[in-house]
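Written out below as structure tokens is the structure these notes cover.
2 protein chains.
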Amino acid sequence: MSAPTERVTIKDVAAAAGVSKGAVSLAFNHKPGVSEATRERIFAVARELGWAPNSSARSLSRQSVDAIGLAICRPARLLGLEPFYMEFISGIESVLAERSCSLLLRLVGSLEEEIHLQQRWWRERQVGGSVLVDFHQDDPRLDPLGGIGLPAVAVGHPSLTGGLPSVWTDDATAVAEAVRYLVALGHRRIARVGGPAGLGHSAIRAAAFERTMADLGLDGGLHLETGFSGEEGARATRSLLLASERPTAIVYDNDIMAVAGLGVAAEMGVAVPDELSLLAWDDSQLCRLTHPTLSAMSHDVHGFGAQVARMLFDVIAGQDVPSRPVTTPSLVPRASTAPAPPAG
Amino acid sequence: MSAPTERVTIKDVAAAAGVSKGAVSLAFNHKPGVSEATRERIFAVARELGWAPNSSARSLSRQSVDAIGLAICRPARLLGLEPFYMEFISGIESVLAERSCSLLLRLVGSLEEEIHLQQRWWRERQVGGSVLVDFHQDDPRLDPLGGIGLPAVAVGHPSLTGGLPSVWTDDATAVAEAVRYLVALGHRRIARVGGPAGLGHSAIRAAAFERTMADLGLDGGLHLETGFSGEEGARATRSLLLASERPTAIVYDNDIMAVAGLGVAAEMGVAVPDELSLLAWDDSQLCRLTHPTLSAMSHDVHGFGAQVARMLFDVIAGQDVPSRPVTTPSLVPRASTAPAPPAG
DNA sequence: AGCCCCTGATGAACCGGTAAAGCTCCGATG
DNA sequence: CATCGGAGCTTTACCGGTTCATCAGGGGCT
Chain A
9 MSAPTERVTI KDVAAAAGVS KGAVSLAFNH KPGVSEATRE RIFAVARELG
59 WAPNSSARSL SRQSVDAIGL AICRPARLLG LEPFYMEFIS GIESVLAERS
109 CSLLLRLVGS LEEEIHLQQR WWRERQVGGS VLVDFHQDDP RLDPLGGIGL
159 PAVAVGHPSL TGGLPSVWTD DATAVAEAVR YLVALGHRRI ARVGGPAGLG
209 HSAIRAAAFE RTMADLGLDG GLHLETGFSG EEGARATRSL LLASERPTAI
259 VYDNDIMAVA GLGVAAEMGV AVPDELSLLA WDDSQLCRLT HPTLSAMSHD
309 VHGFGAQVAR MLFDVIAGQD VPSRPVTTPS LVPRASTAPA PPAG
Chain B
9 MSAPTERVTI KDVAAAAGVS KGAVSLAFNH KPGVSEATRE RIFAVARELG
59 WAPNSSARSL SRQSVDAIGL AICRPARLLG LEPFYMEFIS GIESVLAERS
109 CSLLLRLVGS LEEEIHLQQR WWRERQVGGS VLVDFHQDDP RLDPLGGIGL
159 PAVAVGHPSL TGGLPSVWTD DATAVAEAVR YLVALGHRRI ARVGGPAGLG
209 HSAIRAAAFE RTMADLGLDG GLHLETGFSG EEGARATRSL LLASERPTAI
259 VYDNDIMAVA GLGVAAEMGV AVPDELSLLA WDDSQLCRLT HPTLSAMSHD
309 VHGFGAQVAR MLFDVIAGQD VPSRPVTTPS LVPRASTAPA PPAG
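From first to last, the protein sequence lines stand for chains A and B.
With our numbering, the residue at position 77 of the first sequence is 85, and numbering never jumps.
With our numbering, the residue at position 155 of the second sequence is 163, and numbering never jumps.
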């Protein structure tokens with residue numbers, strides 16, 4: 009016995025206000041064609057009846073959708089720990105809210121799954137456009153999604169996103185800053201614990217790391233790839249610290265792995281920062297909660313998301329949008345980095 | 009010069025297959041009325057043309073929507089660190105995906121905002137129903153949302169959710185288990201760092217904490233309220249450890265605050281677990297990354313989300329759904345809890 | 001007075017599906 | 001052999017909006 013759910017439609021409002029459907033539509037969309045008096049009467053009636061235009065009907069008629077899609081392809085257990093995404097989403101939403109647009113979120117298990125999902129979303133017109141994240145080198149999504157006309161904004165360096173309008177952070181420059189900072193502190197054996205090599209931005213950071221180290225005349229070969237999880241960060245750190253010539257500084261690709269690294273150092277009795285400096289990436293609140301607090305490469309993830317959303321709206325509006333970087337991550341030194349221990 | 013975007017509609021498919029719109033609709037919805045041969049021909053044509061039914065049109069016609077809403081009212085910075093939500097969402101989505109239903113996610117700044125949002129979502133039929141989370145005592149959402157016919161499932165103890173079908177974890181029992189465990193280890197001065205008192209489940213845990221302590225003849229007054237953030241967890245821990253008679257064990261309301269507590273203990277030179285035992289809540293991966301690793305009250309958040317989604321579908325289907333608990337969190341002892349130090 | 005134009009409104013067509021009623025043909029039945 | 005029933009489609013009427021052509025009425029101009 010579900011409630012009758014008295015559906016109020018535009019017709020009811022029109023009847024109650026003594027005008028035609030068309031007039032109600034004009035009034036609600038703030039278009040000319042109705043007098044101020046009529047408009048107000050219509051609004052009053054609509055409020056009284058608790059009416060709001062049915063979004064399916066509006067979409068159908070207008071041939072447009074007020075929703076955008078975001079599919080994230082990482083295990084949920086990992087995502088929960090990545091402060092990045094929620095912050096990023098919140099940035100997107102800050103822009104969506106202004107335009108009363110909604111975010112369709114989906115966690116997918118593979119890029120193939122994402123391809124199918126995005127195709128479906130677009131064919132069924134469930135979304136007006138999509139945000140694509142986590143680009144790989146030769147990303148398999150580019151071909152299938154490039155051709156179908158889906159308006160999209162890519163998050164990632166233009167070298168990865170195959171001509172899609174993109175927003176990215178200049179990770180190469182940030183990596184260089186991180187390395188130079190550690191070198192200035194006297195570190196010579198610097199390691200890096202990165203994300204999966206297939207992931208575009210990990211590769212970019214890896215390359216920048218090697219290059220910067222080489223430029224400074226140091227050995228840049230000391231970097232490990234992980235799957236971004238804390239556990240893998242811990243394992244990587246453990247193996248680095250067990251090496252015969254262990255590094256005096258480690259740069260991580262996210263906060264979680266840095267926290268894990270800190271745990272491993274403590275477990276192995278390696279003093280941070282006296283014997284080992286650690287540098288995190290993203291700089292979530294987590295970095296301020298550990299002891300010692302974690303130095304980090306910090307950036308405005310919220311603003312990043314907002315920028316992406318704004319650009320997507322432009323793309324949907326049919327504008328020709330140039331790719332552009334957002335502000336480069338910058339170093340926030342805290343207690344986990346210190347001058348290198350005297351060579352021993 | 010946006011692409012012409014040749015919109016393929018059911019009419020095109022019908023024409024190409026040499027049948028009527030109706031036949032295509034029947035075929036695609038797996039309803040009787042078309043022969044097997046025709047059905048296959050229609051599918052072949054649809055695949056070739058890359059057609060999928062327009063979701064707005066379908067919603068409009070069917071008077072139903074294949075999306076559900078979730079609004080979360082916590083600061084984004086905090087959410088990112090709460091592994092709970094992503095895991096919860098992923099649980100919801102595991103069920104939605106089976107029914108090709110989408111999740112509309114919104115981060116809101118206040119419960120008032122959520123009320124407006126949910127009302128709009130429902131009036132505009134953007135969602136078929138909603139998941140309501142983070143119930144407060146005398147929650148302001150109950151009145152405005154109860155009356156409008158929005159199908160909803162509440163996450164929270166029935167005492168908080170005003171007659172809405174609910175799913176909840178038996179926090180009271182879990183708190184009791186936590187306390188008894190610590191007491192069994194010899195702890196007598198046990199503190200609790202909880203969430204905001206207004207939040208229903210915090211209140212329930214607080215009450216259960218006091219009651220259990222009282223039952224055991226101990227002082228249950230030692231609990232602090234926070235806003236769930238790591239920083240507040242750190243502050244609370246600091247104040248507890250500075251007290252004249254400091255606790256020998258602390259129970260936290262989430263993982264992040266426990267991690268922060270661990271940081272504070274280290275900073276103050278209080279040995280964990282020798283001088284102080286810490287117990288986290290939720291048991292995300294984070295608990296295994298610190299040193300020492302964190303004992304925690306663990307539960308299946310993914311399954312929790314799935315359960316909620318399943319129930320919401322039943323509600324939307326018009327069934328009369330009984331509220332029910334999911335499995336009670338259970339203790340996972342790790343390295344942060346140990347026998348109480350000898351009284352001194 | 002006759003004409004034009006502008007404002008404020010109406011009515012019908014349309015968006016792309018679904019659903020129910022209607023129509024055809026065919027084999028089975030009395 | 002007329003009749004009935006059902007399988008297999010088609011037709012048509014919605015769903016609840018938007019949009020556009022049309023129209024009535026009133027004021028200003030010649």
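Glycine residues also receive a C-beta, built at the ideal position from the N, C-alpha and C atoms.
First and last residue of the alpha helix (DSSP H) that includes residue i?
{"i": "B:Gly188", "result": "Going by the sequence as given, residue 188 of chain B is Arg instead of Gly. Unbroken alpha helix (DSSP H) run through B:Arg188: 179 to 192."}
{"i": "B:Ala24", "result": "18 to 25"}
{"i": "B:Leu270", "result": "263 to 276"}
{"i": "A:Arg213", "result": "208 to 223"}
{"i": "B:Pro204", "result": "Here B:Pro204 belongs to no alpha helix (DSSP H), and DSSP marks it neither H nor E."}
What number of angstroms, rounded off, separates the C-alpha of residue i from the C-alpha of residue j?
{"i": "B:Cys81", "j": "B:Asp142", "result": "8 Å"}
{"i": "B:Val287", "j": "B:Ala251", "result": "One detail in the question is off: residue 287 of chain B reads as Leu in this sequence, not Val. The straight-line gap from Cα to Cα measures roughly 19 Å."}
{"i": "A:Leu270", "j": "B:Leu78", "result": "36 Å"}
{"i": "A:Val334", "j": "A:His165", "result": "11 Å"}
{"i": "A:Val323", "j": "A:Val329", "result": "6 Å"}
{"i": "A:Val316", "j": "A:Val163", "result": "7 Å"}
{"i": "A:Arg37", "j": "A:Thr169", "result": "Before going on, a small fix: residue 37 of chain A reads as Asn here, not Arg. One C-alpha to the other measures close to 37 Å."}
{"i": "B:Pro83", "j": "A:Ala244", "result": "33 Å"}
{"i": "A:Ala274", "j": "A:Glu239", "result": "15 Å"}
{"i": "A:Val278", "j": "A:Leu294", "result": "21 Å"}
{"i": "B:Pro148", "j": "A:Gly155", "result": "48 Å"}
{"i": "A:Ile159", "j": "B:Ser237", "result": "For the record, residue 159 of chain A in the displayed sequence is Pro; it is not Ile. Between A:Pro159 and B:Ser237, the C-alpha separation is close to 37 Å."}
{"i": "A:His307", "j": "A:Ser338", "result": "7 Å"}
{"i": "B:Val161", "j": "B:Pro91", "result": "21 Å"}
{"i": "B:Gly117", "j": "A:Ser303", "result": "30 Å"}
Nearest chain B C-beta to residue i closer than 7 Å, yes or no?
{"i": "A:Arg149", "result": "no"}
{"i": "A:Arg133", "result": "yes"}
{"i": "A:Met319", "result": "no"}
{"i": "A:Leu284", "result": "no"}
{"i": "A:Ala11", "result": "The predicted position of A:Ala11 is uncertain, since its pLDDT is 38 and thus under 50; no value can be drawn from it."}
{"i": "A:Ser64", "result": "yes"}
{"i": "A:Gly238", "result": "yes"}
{"i": "A:Ala84", "result": "yes"}
Are the C-beta of residue i and some C-beta of chain A separated by less than 7 Å?
{"i": "B:Glu48", "result": "no"}
{"i": "B:Met276", "result": "no"}
{"i": "B:Met221", "result": "no"}
{"i": "B:Val267", "result": "yes"}
{"i": "B:Gly271", "result": "yes"}
{"i": "B:Pro91", "result": "yes"}
{"i": "B:Gly88", "result": "yes"}
{"i": "B:Gly366", "result": "Because chain B in this structure spans residues 9 to 352, residue 366 of chain B falls outside the shown range and cannot be described."}
{"i": "B:Gly41", "result": "no"}
{"i": "B:Ala162", "result": "no"}
{"i": "B:Ser67", "result": "yes"}
{"i": "B:Ala60", "result": "yes"}
Start and end of the beta strand (DSSP E) containing residue i?
{"i": "A:Ile76", "result": "75 to 80"}
{"i": "A:Glu233", "result": "231 to 233"}
{"i": "A:Leu287", "result": "285 to 290"}
{"i": "A:Val161", "result": "160 to 163"}
{"i": "A:Pro339", "result": "Strictly speaking, residue 339 of chain A in this sequence is Leu, with Pro absent from that position. A:Leu339 -> beta strand (DSSP E) spans 338 to 340."}
{"i": "B:Ile258", "result": "257 to 260"}
{"i": "A:Ala84", "result": "Looking at the DSSP string, A:Ala84 is not in any beta strand (DSSP E); the run it does join, the alpha helix (DSSP H), is 84 to 89."}
Checklist entry - Could you give the uninterrupted runs of the alpha helix (DSSP H) lying entirely in the segment 107 to 146 of chain B, keeping only those of 4 residues or more? => result 119 to 131
Next on the checklist: Please identify, using Cβ separations under 9 Å, the residues of the segment 291 to 304 of chain A that lie next to chain B, in order along the chain.
Outcome noted: Ser292, Gln293, Leu294, Arg296, Leu297, Thr298, His299, Pro300, Thr301
Item to check | Members of the segment 95 to 116 of chain B that neighbour chain A once the beta carbon cut-off is set at 9 Å | outcome: Glu95, Phe96, Ile97, Ser98, Gly99, Glu101, Ser102, Leu104, Ala105, Ser108, Ser110, Leu111, Leu112, Leu113, Arg114, Leu115, Val116
Checklist entry - Closer than 9 Å, Cβ to any Cβ of chain A: which residues of the segment 21 to 39 of chain B, in chain order? => result none
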